[in-house]
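Participant: Provided herewith is a single structure, encoded as structure tokens, for subsequent inquiry.
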Amino acid sequence: MAKETENKKIKELKEKLFFEKKNACKTMSGAEIKKADTFCEGYKAFLDAGKTEREACFETVKIAKKAGFSEFVPGEKYSAGARVYADNRGKAVMLAVIGKNGVKNGANIIAAHIDSPRMDMKQNPLYEDGGLAYLKTHYYGGIKKYQWTAVPLALHGVIAKSDGGVIAVKIGEDGKEPAFCVTDLLPHLADAQYKRPANQLIKGEELNILIGSRPFKSGGDSDGAKLGIMKILNDKYGITERDFVSAELEAVPAFKARDVGFDRSLIGSYGQDDRVCAYTALKAITEIGGVPETTAVCALADKEEIGSYGNTGLGSRMLEYFMNDLADLDNIPLRRALSASKCLSADVSAGFDPTFPDVSEKQNAAYMNCGAVLSKFFGSRGKAGTNDASAEYTAEIRRMLEENGVIWQTAELGKVDAGGAGTVALFISGIGVDTIDMGVPVLSMHSPFEITAKTDIYMAYKAFAAFYARNG
Ligand code: MN
Ligand code: MN
-10 MAKETENKKI KELKEKLFFE KKNACKTMSG AEIKKADTFC EGYKAFLDAG KTEREACFET
50 VKIAKKAGFS EFVPGEKYSA GARVYADNRG KAVMLAVIGK NGVKNGANII AAHIDSPRMD
110 MKQNPLYEDG GLAYLKTHYY GGIKKYQWTA VPLALHGVIA KSDGGVIAVK IGEDGKEPAF
170 CVTDLLPHLA DAQYKRPANQ LIKGEELNIL IGSRPFKSGG DSDGAKLGIM KILNDKYGIT
230 ERDFVSAELE AVPAFKARDV GFDRSLIGSY GQDDRVCAYT ALKAITEIGG VPETTAVCAL
290 ADKEEIGSYG NTGLGSRMLE YFMNDLADLD NIPLRRALSA SKCLSADVSA GFDPTFPDVS
350 EKQNAAYMNC GAVLSKFFGS RGKAGTNDAS AEYTAEIRRM LEENGVIWQT AELGKVDAGG
410 AGTVALFISG IGVDTIDMGV PVLSMHSPFE ITAKTDIYMA YKAFAAFYAR NG
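Structure follows, in structure tokens:
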């Protein structure tokens, strides 16, 4: 009896003193899990509709408009409760719900990215070899190139013609449309290929996309297949080979988002990094009811996967300019609005993969179904290239999560010196905003079929909604 009481005491003391991970599936009520499952149906539709930064931007604006947002007009007067969005070149978008205090006490900013790793067509891509027609690519973002061979691909993007016309391209998604692919060597003849280092198993210049084979006409002329394809493209889109120069065509996996597992607890899809955070943040801001105390801002950016460069990435001034417009409404200097602002840099983290446990340090790894991931820092080689959130701000966010019943965990990307990564956090903290990383664990990140858990997605959404409700 004494022994039993003692054991109970120890158990209680452990619960009180230790930081144990909670499995959301065990902790959430049946009703809440059902809510999470329903929420993820909308998420899967968003993934299918927005496989590129342009499409995700377009979908975002569509969802925002439906939720009462209108295009922000600089110089116009907006009062508390106004719901606005600013579309940056159709590739990035920022939304705001103006609060009672405007940005006088700062804004609550959530930033995520809507670009994903893929293969971009080169500017002079079309060629014929061995009687087959191909497009040459330059991969975008960090991919394991061998994962992108022998899977059906679709082509998405635009062709901008020199006369000013822009043709939207989206082909390969519908089962009735043709798909495309990168071919790989048969195992029977792969002896030499197998001896290559894994990062060169497929080389960059071998990521060539097969797009046809039938020559334009029988006869001795060379480039018959190329001509056949160019003729089809000319008939379909009115383009010539020269128009590829001003095209942005992206090859992405041709399959749709779907449930994974007998229990349907997971989602498999291309592009979940980082549309899982983009969608959850978007839902959180569009569902703000009435007038918040503090202005809510959501920035969905392009170019994160290649370092956030360019005028549609968060390394640019795009968020600063938008915040400046909001500060102008309150007649306060931008710097004051920024230094009083708080940000969640919403991006995915590496989920612990039991098949590859060696890259993770178990105490600081993100586990599937253990909730939203709070990461004080990312970076590599001794925290280089990262925002490292302050203890004080981390404590504030921790409290917010706990007060709002969000199941969460803390993690860094992997073992020390196992590799590393960056997010947009350092760009936002770099303009004076308190920033911390928060997101969703992902398995097979940057592959054509990334895996997330539905409860984690829901917990991220819940965290973002709580963040927008915070005041001061
Ligand atoms: Mn990301
Ligand atoms: Mn990424």
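Under my numbering, the first residue of the sequence shown is numbered -10, with each subsequent residue one higher.
All C-beta atoms in this analysis are idealised placements derived from N, C-alpha and C, irrespective of residue type, glycine included.
If you run the structure through DSSP and keep just helix, strand and coil, what is residue 127?
Facilitator: Strand at residue 127.
Participant: Could you check if residue 127 is buried or exposed, using at least 16 other CB atoms within 10 Å of its CB as the buried criterion?
Facilitator: Per the 10 Å Cβ criterion, exposed.
Participant: Following a CB-centred definition, is residue 342 positioned closer than 7 Å to any heavy atom of ligand 2?
Facilitator: No, the Cβ of residue 342 stays beyond 7 Å of every heavy atom of ligand 2.
Participant: How long is the line joining the alpha carbons of residue 307 and residue 233, rounded to whole angstroms?
Facilitator: Distance between the alpha carbons of residue 307 and residue 233: 28 Å.
Participant: Using a threshold of 7 Å, is the CB atom of residue 347 nearer than that to any non-hydrogen atom of ligand 2?
Facilitator: For ligand 2, not one heavy atom lies less than 7 Å from the Cβ of residue 347.
Participant: Go ahead and label residue 203 buried or exposed: buried means 16 or more other beta carbons lie within 10 angstroms of its beta carbon, across all protein chains shown.
Facilitator: With fewer than 16 Cβ atoms within 10 Å of its Cβ, residue 203 is classed as exposed.
Participant: Pairing CB atoms from the region 92 to 107 with CB atoms from the region 283 to 295, are three or more of them under 8 Å?
Facilitator: The answer is yes - the region 283 to 295 touches the region 92 to 107, with three or more Cβ pairs under 8 Å.
Participant: For the candidate residues 195, 106 and 452, whose alpha-carbon lies nearest to that of residue 259?
Facilitator: If we check each option's Cα against that of residue 259, 106 comes out closest.
Participant: So, helix, strand or coil for residue 448, using DSSP?
Facilitator: If DSSP states are grouped into helix, strand and coil, residue 448 belongs with the helices.
Participant: Which class does residue 456 belong to by DSSP, given the choice of helix, strand or coil?
Facilitator: It is helical.
Participant: Report the start-end ranges of each beta strand (DSSP E) in the region 335 to 373 that is 3 residues or longer and not cut off at the edges.
Facilitator: As far as the region 335 to 373 is concerned, its whole beta strand (DSSP E) runs of at least 3 residues are 361 to 364.
Participant: Please return the same chain residues whose Cβ sits closer than 8 Å to the Cβ of residue 16, not counting the five positions on each side in sequence.
Facilitator: Closer than 8 Å at the Cβ level, and outside the excluded window around residue 16, lie 396.
Participant: Does DSSP put residue 54 in a helix, in a strand, or in coil?
Facilitator: Correct three-state label for residue 54: helix.
Participant: If you measure from the CB of residue 426, is any heavy atom of ligand 2 nearer than 7 Å?
Facilitator: No, the beta carbon of residue 426 sits no closer than 7 Å to any heavy atom of ligand 2.
Participant: At a cut-off of 7 Å, is residue 262 close to ligand 3 when judged by its beta-carbon and the heavy atoms of the ligand?
Facilitator: Looking at this structure, you won't find ligand 3 anywhere; what it does contain is ligand 1 and ligand 2.
Participant: Closest to residue 388 by CA distance: which of 363, 66 and 197 is it?
Facilitator: It is 363.
Participant: Does DSSP put residue 169 in a helix, in a strand, or in coil?
Facilitator: Three-state DSSP puts residue 169 in a strand.
Participant: Compute every distance between the C-beta of residue 294 and the non-hydrogen atoms of ligand 2, then say whether any falls below 7 Å.
Facilitator: Residue 294: yes, Cβ under 7 Å from ligand 2.
Participant: Could you tell me if residue 251 is buried or exposed, where buried requires 16 or more neighbouring beta carbons within 10 angstroms of its beta carbon?
Facilitator: By the 10 Å Cβ count, residue 251 comes out exposed.
Participant: Would you report the Cα separation of residue 423 and residue 333, rounded to the nearest angstrom?
Facilitator: Taking the straight line from one Cα to the other gives about 9 Å.
Participant: Determine the extent of the beta strand (DSSP E) in which residue 264 is found, giving its start and end residues.
Facilitator: Careful: residue 264 lies outside any beta strand (DSSP E), inside the alpha helix (DSSP H) at 261 to 275.
Participant: So residue 302 and residue 367 are supposed to be a Cβ contact under 8 Å. How far apart are they, rounded?
Facilitator: With 8 Å as the limit, residue 302 and residue 367 do not qualify as a contact, their Cβ atoms being about 17 Å apart.
Participant: For residue 31, which residues does DSSP report across the bridge?
Facilitator: Its beta-bridge partners do not exist; DSSP assigns none.
Participant: Helix, strand or coil: how does DSSP classify residue 3 here?
Facilitator: Three-state result, residue 3: helix.
Participant: Does the Cβ of residue 435 lie closer than 7 Å to at least one heavy atom of ligand 2?
Facilitator: Answer for residue 435: yes, Cβ within range of ligand 2.
Participant: Pick from 342, 74, 255 and 44: whose alpha carbon is nearest that of residue 25?
Facilitator: Of the listed residues, the one whose Cα sits closest to residue 25 is 255.
Participant: When every heavy atom of ligand 1 is checked, does at least one fall within less than 7 Å of the C-beta of residue 336?
Facilitator: For ligand 1, at least one heavy atom lies less than 7 Å from the Cβ of residue 336.
Participant: Is the beta carbon of residue 460 closer than 8 Å to that of residue 284?
Facilitator: No, Cβ-Cβ distance for residue 284 and residue 460 is not below 8 Å.
Participant: Using the Cα positions of residue 175 and residue 197, report the straight-line distance between them to the nearest angstrom.
Facilitator: Their backbone Cα atoms lie some 16 Å apart in a straight line.
Participant: Where does the unbroken alpha helix (DSSP H) through residue 224 begin, and where does it stop?
Facilitator: Run containing residue 224: 213 to 226, per the alpha helix (DSSP H) assignment.
Participant: Closer than 6 Å by C-beta to residue 228: which residues in its own chain qualify, once you throw out the five before and the five after it? Chain order, please.
Facilitator: Excluding residues within five positions, the ones whose Cβ falls inside 6 Å are 148 and 222.
Participant: So for residue 435, helix, strand or coil by DSSP?
Facilitator: Note: residue 435 maps to coil in three-state DSSP.
Participant: In the DSSP output, what is residue 430 paired with across the bridge?
Facilitator: Its beta-bridge partners are 338.
Participant: Please go through the same chain and pick out, in chain order, the residues whose beta-carbon is closer than 6 Å to the beta-carbon of residue 421, but skip the five residues on each side of it.
Facilitator: Only 327 and 328 meet the Cβ criterion.
Participant: What does the alpha-carbon distance come out to for the pair residue 348 and residue 404?
Facilitator: Rounded to the nearest angstrom, the two C-alpha atoms are 6 Å apart.
Participant: Taking buried to mean at least 16 other C-beta atoms within 10 Å of its own C-beta, is residue 440 buried or exposed?
Facilitator: Answer is buried; the Cβ neighbour count reaches 16.
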